[in-house]
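Under our numbering, the first residue of the sequence shown is numbered 295, with each subsequent residue one higher. Beta carbons are placed, not taken as given, at the ideal position from N, Cα and C, and that holds for glycine. Quick caveat: nothing in here was measured; it's all calculated off a predicted structure. Input: a single structure, listed below in structure tokens.
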Amino acid sequence: MKNIELNIEDKNRLIQMAWQDRTTFDGIRKEFNLTENQVKNLMRELISPQAYKRWRKRVQGRVTKHEKKVDFKPIRFKGPW
Numbered sequence: 295m296k297n298i299e300l301n302i303e304d305k306n307r308l309i310q311m312a313w314q315d316r317t318t319f320d321g322i323r324k325e326f327n328l329t330e331n332q333v334k335n336l337m338r339e340l341i342s343p344q345a346y347k348r349w350r351k352r353v354q355g356r357v358t359k360h361e362k363k364v365d366f367k368p369i370r371f372k373g374p375w
């Protein structure tokens, strides 16, 4: 994987967005210009192995993580800040 430079705030925001059910991988792509595979690889690096396994189990096959499959129009990610 090519070296992706993110500051600590962006890393935290990426993790939050990836864990949220209603934030699609397409939304993450628009925000950070990262593919789904790049998000998966970054999550593997940024969170613990056990948390990564839980996250992968949670998002695997989840319809809401893919914009083309959802029946609602996702709004822009709004974090706690």
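> Touch check for the stretch 301 to 310 and the stretch 326 to 340: three-plus C-beta pairs under 8 Å?
Replying inline: yes
>> Please report the distance separating the alpha-carbon of aspartate 320 from that of arginine 356.
In response: Here residue 320 corresponds to residue number 26 of the sequence shown, with the count starting at 1. Here residue 356 corresponds to residue number 62 of the sequence shown, with the count starting at 1. Taking the straight line from one Cα to the other gives about 14 Å.
> Excluding five sequence neighbours on each side, which residues of the same chain lie with their C-beta closer than 8 Å to the C-beta of alanine 312?
Replying inline: Position 18 of the sequence shown, counting from 1, holds the residue named residue 312. Closer than 8 Å at Cβ, skipping near neighbours: Ile322, Val333, Met337, Trp349 and Val353.
>> With H, G and I counted as helix, E and B as strand and the rest as coil, what does DSSP make of isoleucine 302?
In response: Locating residue 302 in the sequence shown gives position 8, counting from the first residue. The answer is helix: DSSP assigns isoleucine 302 an H, G or I state.
> Starting from leucine 340 and walking both ways along the alpha helix (DSSP H), at which residues does that stretch end?
Replying inline: By 1-based counting over the sequence shown, the position of residue 340 is 46. Unbroken alpha helix (DSSP H) run through leucine 340: 330 to 340.
>> Between the alpha carbons of asparagine 331 and aspartate 315, how many angstroms are there, rounded?
In response: Here the question's residue 331 lines up with position 37 in the sequence shown. Here the question's residue 315 lines up with position 21 in the sequence shown. Cα to Cα, the separation comes out at about 17 Å.
> DSSP three-state call for aspartate 315: helix, strand or coil?
Replying inline: Position 21 of the sequence shown, counted from the start, is the residue given in the question as residue 315. Aspartate 315: coil per DSSP, three-state reduction.
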